[in-house]
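Notes follow the structure.
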Amino acid sequence: MKAHKLLYILPVIVLIAFTSCKKDPEIPNEEELITTLIYTLTPQAGGVPVVMMFQDLDGDGGAEPEIMAGTLSAGVVYNGVIALFNESVNPTEDITEEVEEEGDEHQLFYIVSGTGTLVQYADTDSDGFPLGLATTLTAGEAATGTLTIILRHLPVKTATGVSNGDITFAGGETDIEVTFPLTIE
Amino acid sequence: MMLQRFISIIIAMLLGGFLFAQKCTLTISGRILDKATKEPLEYTSVAFREGNRSVIADSAGYFRLGGFCAGAYHIQIYHVGCPPGHYYVTVSRDTVFTFYLEHHSQLLREIVVEGETGSYQESQTRQTLTASMIRNRSGQSLADLVDEVTGVRSLRNGGGIAKPVIHGMFGNRVAIINNGLLQAGQQWGVDHAPEIDPNTADRITVVKGSDAIEYGSQALGGAVIVEAGPILRDPHLHGTVGYTFTDNGRAHVLQARINSSMDKFDWRVTSSLKKAGDQSTPDYFLTNTGTSEYGGSLQTVFRPSEHTQHHLYYSYIRMQPGIFAGAHISNLTDLEEAIGRERPFNVRDDFAYSIAAPRQKVDHHLLKYSGKKIVEEFAFWEWTYGLQLNHRQEFDIRRGDRSEKPALDMALWSHALQTRYLNDRGKVRYKWGAQFRWTDNTNDAQTGILPLIPDYREGQAGLFGVGQYPKGVFTLEAGARYDLQAMRVWAITNTLPREIITRNHIMHDVALSAGVRYNPAADLETRMQHVLARRAPEANELYSAGLHQGVAGIEEGDWNLRSETSIKSMLTQMIEVKSFFHAEVTIYSHLIRDYIYLRPEDELRLTIRGAFPVYTYVQEHAWLRGVDVIWVSDFSHHLEWMSSLSWIRGTTISDQRSISLLPPLQIKSMISWAFHDHRVWKSSKVQVEGIYHARQRQWDVESELLEPPDDYFLLTLRFATGIKIRQDVLHFSVACDNVLNTRYRDYLNRLRYFADEPGRSVSIRLRFDF
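First to last, the sequence lines map onto chains G and Z. If you're matching positions, the first sequence starts at 2 in my numbering and goes up one per residue. If you're matching positions, the second sequence starts at 4 in my numbering and goes up one per residue.
Take a look at the structure:
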């Protein structure tokens, strides 16, 4: 009986010994990750800014992202500014700069549904095409809907409609796609 | 019979050393037989290079020619419809030889694993691609080559990346045996092609039954055995130089092999080079589908005595395929937009060789030493040590000049130590062996991305034995195997703060097989085999975590998965009516308990890049069954007709849902005409082949993004000839694939969502054997 048990356990011990003493893997520095998008809307006439935020600190898996939406006032014109961060690294990395530097390879798109709200580009890249980090938002009538913000990497900026913020023929790949509930009072 | 000829040649060589008689009165005679059927090949031309003499065999395959001096001769044998046979013999007295030529469809019959001697025949169904078939399709990938075998298909990711599917099984369930070693690559990935250069191979055998007894659980769905052949014992420098051009993709392939043999030492060197650009469909270029590949091998054999052999083998291959630009999608919205477009995104209007991200770069090194001791005439011991290093890098389109930085970078080291003993004579023929494998997978953290599969180490020890008992018209076979596997995993959590968790997995698995061969007459044979095998889940099934770009899905492993238990049963019936037809029918059933597969979950996971479907590895009982039929008719030595059919169906047992990625029905028909040899033109042949691929009607709505594509028919034309230049032959062939320039999509190609398959393609092959 004992001999049998030994026969069974011995090879297990040998195999484990062969497999165990490996160095712990290095945890990659996820410098490219975007964890946080903040869209700050300041009324042109002055007043309290409205902040929308999407935050997913642990990346694709793990915990659910946090979404914070704001309430806009009907008919008010806002200056919109996008800020992007990677908060998974210490210190926090500002991705906005990276997008700005590579402005010709990026474009943000704003897709509004249900409220008649208008978003217009207020900045350009080095080639004179819209970039979308800065925008002008004109709130529509009192209603609820959604606002989707998309960041495309390597879009075809010359394609039909792309300069006017129409994503249909933009191509490229999506670095960000977040949707906020939009309430206008 | 190979060994017998080998031995007779050796004896002749040895005697040649003792005798110095230089009188030129010796006679060489013999017979030429069909390698598969052992029937004589009539009116065969036997040419002796030395002295430029030749003779035609009679109607019974016999030949005789006198007036030879003692010495060595190169013999070439030509027969209509066969690839020419090359032999090197030494004669010191009147000598009788038997030569075997490969006649007609070599794909047809089970061919004994040569070098393992004569009579050990497996009860499973295996089909072999011979050296001449491999050379005639030079430039194609391993998966493309084995795709020729009925019941075998390939799973693709565009033109350059393909892996074999045997009876619906692939990846972790099909073992690729590279020169006696289990290929240790990242074979789990559907977009990971086996890292093997077919130019190094002389024989590729597809085991359609289960080969889990000898090769372990990875072979439970079948095996592809790639081998370099024995080196001809000829002191002269011989070799092959070949060039292939394919117009679709403007692919250039250059291949060379040189071998020679000394007193106790044989060697062979091979090398190949491939450069291909964007392929094109009938309507547009498939941008970024080029590939660049190079590789080589060195094979040496040292024979201190006639009973002992030492083999040293090294091979290297680098593969750098591009991934179709229009298939790169980053979330579900993109995927929905990219699917089913008339013209895919990101296709350029012009051809290019350049390969940009997304792309792969894979290096594979294989070093092997094996020794063989022939104990008795029909028994040998073999011991092997193998070292493999597989380095895979995958590049994605990334922000901030990071596209040159791999998004996935894994090094897989593998050591194998194995021994086996084979006895091929006596009342019970048997083989047994022991194997030990050690594997280490390490991710490079420089990617800046959490790894798709974790770092792990795995040790595996296995013991197997198979016995065969011939009794009259029956041969009974039984085998058993035991495996012990220990794996330790270092996984990084996907929650913050990132931590490393380690976990151990220990698994015991057994395999059992039973088979019978019933061979009442030479033209009638029945084979039946049942194999029960267990397969422990692999690291990807247990620990996958992350986004799979190509399918825009998040894949998640489950570390609680159990081993799969598989029972594959196969019945093969062969009937032959002499000089009329040969037919083979195989019926199989494959039951898998706790079949591990990726199931789409109902939830969509929200990330900053949008929503993604989540796929998790789950287990369910599954049943696969199918039929393979091959029919060959030889109307004459000139005209041959071959047809085949393969069908498979697979469902889960509990709710009868279809299993994804099973090949749809395929019907193939081929007619070829072999011309009489001319003074200059040798072995000329024309061939017309039509293949019908049905639409996959059995599919699961929940696990497919899109309906399977429509059925299609492909026509292929081939012409091959050998041009005799003095004593040597220049092989020339032209092949035209997809002659009708059909627009189609294939269910087993992952690009089916985005783009059509390549259109018409013409290949020109030149090969010079010296």
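No residue lacks a Cβ here, since even glycine has one placed at the ideal position from N, Cα and C.
Gly762 (chain Z) sits close to Pro285 (chain Z), with the two beta carbons spaced by under 8 Å. Boundaries around Asp147 (chain Z) are those of the alpha helix (DSSP H), 145–149, since no beta strand (DSSP E) includes it. Here Glu94 (chain G) carries a strand assignment [DSSP, helix/strand/coil]. Annotated three-state conformation of Thr610 (chain Z) is strand, per DSSP. In this structure, the alpha-carbon of Leu335 (chain Z) lies about 9 Å from that of Arg612 (chain Z). The beta-bridge partner set that DSSP reports for His82 (chain Z) is empty. By the beta-carbon neighbour count (other beta carbons within 10 angstroms, threshold 16), Lys688 (chain Z) is buried. Any Cβ of chain G closer than 8 Å to the Cβ of Ala548 (chain Z) would place that residue at the interface, and such an atom is present. When the Cα atoms are used, Thr247 (chain Z) and Leu769 (chain Z) turn out to be separated by approximately 6 Å. Distance from the CA of Gln108 (chain G) to the CA of Pro409 (chain Z), rounded to the nearest whole angstrom, comes to 24 Å.
Using a CB distance cut-off of 8 Å, Asp281 (chain Z) does not count as an interface residue toward chain G. DSSP, reduced to helix, strand and coil, places Val82 (chain G) within a strand of the structure shown. In the DSSP assignment, Arg768 (chain Z) falls within the unbroken beta strand (DSSP E) covering 764–772. Using a Cβ distance threshold of 8 Å, Leu607 (chain Z) and Gly343 (chain Z) do not count as a contacting pair. Proximity of chain Z to Val179 (chain G) at the Cβ level (cut-off 7 Å) is accounted for by Ile611, in chain order. At a cut-off of 8 Å, the C-beta of Ala64 (chain G) has a neighbouring C-beta in chain Z. Listed in chain order, the non-local C-beta contacts of Leu466 (chain Z) below 6 Å within the same chain comprise Ala437, Tyr485, local neighbours out to five positions each way being set aside.
Counting only residues of its own chain and dropping the five nearest sequence neighbours on each side, Glu178 (chain G) has a CB closer than 6 Å to the CB of Ile151.
Ranked by how close their Cα comes to the Cα of Glu528 (chain Z), the residues Z:Val492, Z:Ser569, Z:Val580 have Z:Val580 in first place.
Closer than 8 Å to the CB of Phe55 (chain G) there is at least one CB belonging to chain Z. Among the residues facing chain G, Asn349 (chain Z) is included, as its CB has a counterpart in that chain under 8 Å away. Around the beta carbon of Asn563 (chain Z), fewer than 16 other beta carbons lie within 10 angstroms, which makes this residue exposed.
Of all residues in the region 239–270 of chain Z, none is placed with a Cβ closer than 8 Å to any Cβ belonging to chain G. Along the region 425–456 of chain Z, the positions whose C-beta sits under 8 Å from a C-beta of chain G are Trp441, Asp443, Thr445, Asn446, Ala448, Gln449, Thr450, Gly451, Ile452, Leu453, Pro454, read in chain order.
In this chain, the beta strand (DSSP E) harbouring Arg395 (chain Z) covers 382–398. In this chain, the beta strand (DSSP E) harbouring Tyr246 (chain Z) covers 241–249.
In the structure shown, the three-state DSSP call for Met322 (chain Z) is strand. Look at Asn30 (chain G): its C-beta is under 8 Å from a C-beta on chain Z. Interface with chain Z (8 Å Cβ-Cβ cutoff): Pro26 (chain G) is included.
By the Cβ-count criterion, Phe383 (chain Z) is buried, with 16 or more other Cβ atoms from all chains shown falling within 10 Å of its own Cβ. Contact of Trp493 (chain Z) with chain G by beta-carbon distance below 8 Å involves Lys23, Asp25, Pro26.
Relative to the Cα of Ala84 (chain G), the nearest Cα in the group G:Gly166, G:Gly173, G:Ile39, G:Gly162 belongs to G:Ile39. When Cβ pairs closer than 8 Å are counted between the two stretches, the region 436–454 of chain Z is seen to touch the region 396–416 of chain Z, the count reaching three or more.
Taking the Cα positions, Pro238 (chain Z) is about 9 Å away from Asn262 (chain Z). Only buried fits Gly163 (chain Z), as 16 or more other CB atoms lie within 10 angstroms of its CB.
Relative to the Cα of Thr505 (chain Z), the nearest Cα in the group Z:Ser646, Z:Ala494, Z:Asp337, Z:Gln532 belongs to Z:Ala494.
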